[in-house]
Amino acid sequence: MATKINIVALRNVFFRKQHVLSRVSSVHTCTRCNQINRAIPNTHNRVLLQPPCINRKSLVRHMFIQTQETPNPNSLKFIPGVQVLEAGTKDFPNASSTYCSTLAKQLFRIDGVKGVFFGTDFITVTKTDEDVDWQVVKPDVYGTIMDFFASGLPVLTDEQPSIDTAVDPEDDEVVLMIKELLDTRIRPTVQEDGGDIVYMGFEEGIVKLKMQGSCTSCPSSVVTLKHGVQNMLQFYIPEVMGVEQIEDEADNMSEQEFQKFEKSIGETKDT
Numbered sequence: 001m002a003t004k005i006n007i008v009a010l011r012n013v014f015f016r017k018q019h020v021l022s023r024v025s026s027v028h029t030c031t032r033c034n035q036i037n038r039a040i041p042n043t044h045n046r047v048l049l050q051p052p053c054i055n056r057k058s059l060v061r062h063m064f065i066q067t068q069e070t071p072n073p074n075s076l077k078f079i080p081g082v083q084v085l086e087a088g089t090k091d092f093p094n095a096s097s098t099y100c101s102t103l104a105k106q107l108f109r110i111d112g113v114k115g116v117f118f119g120t121d122f123i124t125v126t127k128t129d130e131d132v133d134w135q136v137v138k139p140d141v142y143g144t145i146m147d148f149f150a151s152g153l154p155v156l157t158d159e160q161p162s163i164d165t166a167v168d169p170e171d172d173e174v175v176l177m178i179k180e181l182l183d184t185r186i187r188p189t190v191q192e193d194g195g196d197i198v199y200m201g202f203e204e205g206i207v208k209l210k211m212q213g214s215c216t217s218c219p220s221s222v223v224t225l226k227h228g229v230q231n232m233l234q235f236y237i238p239e240v241m242g243v244e245q246i247e248d249e250a251d252n253m254s255e256q257e258f259q260k261f262e263k264s265i266g267e268t269k270d271t
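In this text, residue positions in the sequence shown follow the UniProt record's numbering: the first is 1, and each later residue adds one.
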């Protein structure tokens, strides 16, 4: 008489045993779905990233990211097992140069990352110095690479650098730091909300900025400038005394016309 096997129960037992035998070296929190990706190393210095979202693209359903040391102890080579660039290489020596790559921008947001370099099948990440521990940086790099390739976005785009934050030979050290902070920490967040923030100048400790897009007439734009942008700039750059929102004549006219329109509607309702 044939024995009937409960496949589901057998599979559960297998995965429970496999889980016990696996040693979890690091945990990466996925901000996109608030679940946990576990990085499980094996003897070949290879990390298996198992994304929790079942609707992610099959390309990264089981992504193997291999690491390889370089002659520079502050640089580590990450090999995701998928194509990074179709041909050639792309160097991002600083955060300001990442205007054409979302992946590079995201990698520079990781604390301790100083440089990023793309090859056809690898990504080299350089940390600031020896005091930064790779064991702290690597989990964030693993998660960033996995999340990016799951998004299906192109590694490089045709986007041009922002003219307002382009490096000028006459810029002093403070202005350069302000521009870099705007490009790497502040502008990406504002752009996610459908707007932009433009650098207009720095005089007597005051950073002059112009809000664009959804941020132009947003009621919370003043709060964003004072409590968000200003606090961040002052935290990293002590020379910054405050921020000032610049509005051009067209913006002022539009606001005045809108107020007149609202007033006329109110008068119509009263009659």
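Each residue gets a CB set at the ideal place from its N, CA and C atoms; glycine is no exception.
In the DSSP output, what is Asn198 paired with across the bridge? Before going further, note that residue 198 is Val rather than Asn in the sequence given. The partner list for Val198 (beta bridge, DSSP) reads Lys210.
In the DSSP assignment, find the beta strand (DSSP E) that holds Lys114 and state where it starts and stops. Judged by DSSP secondary structure, Lys114 falls within the beta strand (DSSP E) whose first and last residues are 113-118.
Hey, which unbroken runs of the alpha helix (DSSP H) at 4 residues or more fall wholly within the stretch 227-252? As far as the stretch 227-252 is concerned, its whole alpha helix (DSSP H) runs of at least 4 residues are 230-236.
According to DSSP, is Val60 part of a helix, a strand, or is it coil? Residue placement at Val60 is poorly supported in this model, since its pLDDT is 47, which falls under 50; the coordinates still yield a value, given next. The answer is helix: DSSP assigns Val60 an H, G or I state.
Keeping to the same chain, check which residues put their C-beta closer than 8 Å to that of Leu181; ignore five residues upstream and five downstream. Excluding five sequence positions before and after Leu181, the CB atoms of its chain that fall closer than 8 Å to its own CB belong to Met232, Leu233, Tyr236, Ile237, given in chain order.
Run through DSSP, which three-state label would Ile153 get? A small correction: the amino acid at residue 153 is Leu; Ile does not occupy that position in the sequence shown. Coil, per DSSP.
DSSP beta-bridge partners for Thr144? Per DSSP, none; premise fails for Thr144.
I'd like the list of long-range same chain contacts for Asp171, defined as Cβ closer than 6 Å, with 5 residues on each side in sequence excluded. Here the set comprises nothing.
Straight-line Cα distance separating Ile110 from Val136: Distance from the CA of Val136 to the CA of Ile110, rounded to the nearest whole angstrom, comes to 10 Å.
If I measure Cβ to Cβ from Thr165 and keep anything under 6 Å in the same chain, skipping five residues before and after, which residues do I get? The residues are Lys179, Leu182, Asp183, Tyr199.
Our contact map puts Ile123 next to Pro80 with C-beta atoms below 8 Å; I'd like the distance itself, whole angstroms only. About 7 Å separates the Cβ atoms of Ile123 and Pro80, confirming a contact at the 8 Å cut-off.
Spatial neighbours of Lys208 within its chain, please: CB distance less than 6 Å, with the 5 preceding and 5 following residues excluded, ordered by chain position. The answer, listed in chain order, is Met200, Gly201, Glu244, Ile246.
Look at the Cβ atom of Val141, then the Cβ atom of Leu107, and state whether they are nearer than 8 Å. Contact annotation: Val141 and Leu107 have beta-carbon atoms nearer than 8 Å.
In the DSSP assignment, find the alpha helix (DSSP H) that holds Val175 and state where it starts and stops. 173-181 is the span of the alpha helix (DSSP H), which, as asked, contains Val175.
Rounded distance between the beta-carbons of Val167 and Ser96, thought under 8 Å: About 7 Å separates the beta carbons of Ser96 and Val167, which is inside the 8 Å limit, making them a contact pair.
Just curious, the alpha helix (DSSP H) that Phe108 is in, first and last residue? Phe108 -> alpha helix (DSSP H) spans 102-108.
Neighbourhood of Asn55 by C-beta, 7 Å cutoff - its chain only, sequence neighbours within 5 removed: Because Asn55 carries a pLDDT of 44, less than 50, the predicted location of this residue cannot be relied on, and the following value inherits that uncertainty. Cβ neighbours of Asn55 beyond the five flanking positions: none.
Give the DSSP-derived three-state secondary structure of Thr70 in the structure shown. For Thr70, the three-state secondary structure derived from DSSP is coil.
Can you give the Cα-Cα distance for Asp147 and Lys210, rounded to whole angstroms? Our two residues, Asp147 and Lys210, have alpha carbons roughly 32 Å apart in a direct line.
Start and end of the beta strand (DSSP E) containing Ile79? Segment 75-79, the beta strand (DSSP E) holding Ile79.
On the DSSP bridge list, what partners appear for Glu203? The partner list for Glu203 (beta bridge, DSSP) reads Ile206.
Taking the C-alpha atoms as reference points, what is the distance between Gly143 and Val116? So the two alpha carbons sit approximately 16 Å from each other.
Alpha-carbon to alpha-carbon, Lys127 and Thr94: The amino acid occupying residue 94 in the given sequence is Asn; Thr does not appear at that position. It is roughly 11 Å from the alpha-carbon of Asn94 to the alpha-carbon of Lys127.
Tell me, to the nearest whole angstrom, how far the beta carbon of Gly205 is from that of Val240; I am working on the premise that it is less than 8 Å. About 6 Å; that satisfies the 8 Å criterion.
Whole-angstrom distance between Leu76 and Asp133, CA atom to CA atom: Straight-line Cα distance between these residues: approximately 12 Å.
Taking buried to mean at least 16 other C-beta atoms within 10 Å of its own C-beta, is Pro139 buried or exposed? Counting of Cβ neighbours within 10 angstroms places Pro139 among the buried residues, the total reaching 16 or more.
Whole-angstrom distance between Glu86 and Ser221, CA atom to CA atom: The straight-line gap separating the alpha-carbon atoms of Ser221 and Glu86 is approximately 41 Å.
From this set, Val84, Phe149, Thr157, which residue's C-alpha is nearest Asp121's C-alpha? Cα-wise, what sits closest to Asp121 is Val84.
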